[in-house]
Amino acid sequence: MKITSVEAIPLAVSFRSTFRFGTTDRSTSPNVVVLIRTDDGVTGYGEACPVPAFTSETQASIVELVEQRISPALSGLDPRNRIALLAELHKILRFAPFTIAAVDTALLDLVGRASGLPVHALLGGAFRTRTEVHGSVGWDADPAKVAATAVEQAETYRWLKLYAGRGELDADIDRLQAVRDAVGPETRLFVDINGMWSPSDLMRALPRIREIDLVMLEQPLPPSATGAIRDLVAKLEVDVVADESVRTVTDAAAVARENTATVINLGHSKLGGPSTAMHAAHIAHGNGIGLMVGSVIEMGLATAMGLHIAAALPSLAYPSYLMGPLKYRQQITQEQVEVLDGHIAIPEGPGLGVTVDEDALRELDARR
Ligand SMILES: [Mg+2]
1251 MKITSVEAIP LAVSFRSTFR FGTTDRSTSP NVVVLIRTDD GVTGYGEACP
1301 VPAFTSETQA SIVELVEQRI SPALSGLDPR NRIALLAELH KILRFAPFTI
1351 AAVDTALLDL VGRASGLPVH ALLGGAFRTR TEVHGSVGWD ADPAKVAATA
1401 VEQAETYRWL KLYAGRGELD ADIDRLQAVR DAVGPETRLF VDINGMWSPS
1451 DLMRALPRIR EIDLVMLEQP LPPSATGAIR DLVAKLEVDV VADESVRTVT
1501 DAAAVARENT ATVINLGHSK LGGPSTAMHA AHIAHGNGIG LMVGSVIEMG
1551 LATAMGLHIA AALPSLAYPS YLMGPLKYRQ QITQEQVEVL DGHIAIPEGP
1601 GLGVTVDEDA LRELDARR
């Protein structure tokens, strides 16, 4: 089996409502579907979802890299040598994690489809058939609006991710309190600060974080605040998750070595693909660091990839962030994401186990 071409389709897609977190407002999303075609007639699909907070890649840069560098480099090669092919790509692309993530995903999908195996089997096999997912309640200036969204989501999810760091500290904490008051004590709440607090903000916030019963803090300090976070992690009674500070396998090793977090957010897009994500996961797990599967809120292909990773990890410290397609107005896969009892089933079919809606791809093509 040989690769004949690698193609990229830029999508024009949008969110059901504007999603605010960190310094970001998302109402549209610049996703790109990557297709790897072979002389066997089997096609593998991947998805890139570049987010400015993580990468300087854009929809246009991803399409150009795929067409001008990746397709010529991979054409004629055997897709079953996935890691060797990715090593070749790392020689010609300098830090294009979201682009490579889509290619890595498409290679796994392709080999899975060709062999009849689900992607999780190619990653070493499944520890579970479903994974718990959490909801996410975007930041809003109006606490009543945040609380209302949380109440609505609490009907579907047992766990909700909240955001802080964007507003003034006390006002942000008041919003978190408003959510706790609205949803009651049963819903588990955690907060992503996207690296926007200072160490003194965090110290000031801690008593109220305990009061509100937030079980985990994601990226409370900027990635550069290594010393401060190490000291705090040693003292804190809540888990600290590293997200923005883990962009590479080397970063994951640094967290394990320096104890700058108790859990790593394993997003395969920001980490440059499922293969590097699994590498980072094994380093973290082997060093007693917990794992949760994150995302940048992707559509059906990258989300399916995340589900296979969630299946293949030996243990998960927290629910996964894998309900992304539900935030989009449009869909690119025929299967709809379904949250049952707070969980999403791991796809079982060959490859990613989802059916790409070719009509939708044509209709959503941003070049039309
Ligand atoms: Mg995060």
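Just so we're aligned, residue 1251 is where the sequence shown starts under this note's numbering, counting upward by one. Heads up, the beta-carbon is just placed ideally off N, CA and C, and yes, glycines get one too.
6 Å Cβ shell around residue i - same chain, five flanking residues per side excluded
{"i": "Ala1492", "result": "Val1505, Ala1511, Ile1514"}
{"i": "Ala1352", "result": "Val1284, Gly1296, Glu1297, Ala1298"}
{"i": "Ser1311", "result": "none"}
Check whether residue i and residue j have beta carbons under 7 Å apart
{"i": "Phe1271", "j": "Tyr1407", "result": "no"}
{"i": "Pro1347", "j": "Gly1574", "result": "no"}
{"i": "Val1441", "j": "Val1401", "result": "no"}
{"i": "Leu1419", "j": "Leu1439", "result": "no"}
{"i": "Val1543", "j": "Ala1560", "result": "yes"}
{"i": "Ile1286", "j": "Val1256", "result": "yes"}
{"i": "Trp1389", "j": "Arg1416", "result": "yes"}
Rounded straight-line distance, which links the Cα of residue j to that of residue i
{"i": "His1529", "j": "Val1499", "result": "7 Å"}
{"i": "Arg1378", "j": "Gly1603", "result": "15 Å"}
{"i": "Lys1252", "j": "Gly1601", "result": "17 Å"}
{"i": "Val1361", "j": "Thr1288", "result": "11 Å"}
{"i": "Val1587", "j": "Leu1343", "result": "33 Å"}
{"i": "Gly1385", "j": "Ser1474", "result": "28 Å"}
{"i": "Thr1278", "j": "Phe1265", "result": "6 Å"}
{"i": "Val1429", "j": "Gly1326", "result": "55 Å"}
{"i": "His1558", "j": "Leu1336", "result": "19 Å"}
{"i": "Arg1332", "j": "Ile1350", "result": "12 Å"}
{"i": "Gln1318", "j": "Gln1584", "result": "30 Å"}
{"i": "Leu1471", "j": "Thr1381", "result": "28 Å"}
{"i": "Leu1563", "j": "Asn1281", "result": "26 Å"}
{"i": "Gly1294", "j": "Asn1509", "result": "38 Å"}
{"i": "Ser1570", "j": "Ala1527", "result": "14 Å"}
{"i": "Leu1611", "j": "Ile1582", "result": "6 Å"}
{"i": "Leu1590", "j": "Leu1358", "result": "27 Å"}
{"i": "Ser1495", "j": "Lys1520", "result": "11 Å"}
{"i": "Ala1397", "j": "Gly1291", "result": "50 Å"}
Cβ shell of residue i (< 7 Å), same chain only, five flanking positions each side left out
{"i": "Ala1262", "result": "Leu1614, Ala1616"}
{"i": "Glu1338", "result": "Ala1323"}
{"i": "Thr1437", "result": "Ala1404, Arg1408, Leu1410"}
{"i": "His1370", "result": "Ala1376, His1558, Ala1561, Ala1562, Ile1596"}
Chain-order list of residues whose beta-carbon lies under 8 Å from that of residue i (same chain, five-residue window excluded)
{"i": "Pro1302", "result": "Thr1274"}
{"i": "Ser1645", "result": "Any answer about residue 1645 is impossible in this case: the structure gives the chain only from 1251 up to 1618."}
{"i": "Tyr1578", "result": "Val1263, Ser1264, Phe1265, Arg1266, Ser1279, Met1549"}
CB-CB length for residue i against residue j, believed under 8 Å
{"i": "Thr1355", "j": "Pro1524", "result": "6 Å"}
{"i": "Asp1424", "j": "Pro1393", "result": "6 Å"}
{"i": "His1518", "j": "Met1555", "result": "6 Å"}
{"i": "Leu1516", "j": "Val1490", "result": "Actually they do not touch by this definition, with Cβ atoms about 15 Å apart."}
Review point. Going along the chain, which residues put their C-beta within less than 7 Å of some heavy atom in ligand 1?
Key: Asp1442, Asn1444, Glu1468, Gln1469, Asp1493, Glu1494, Asn1515, Gly1544
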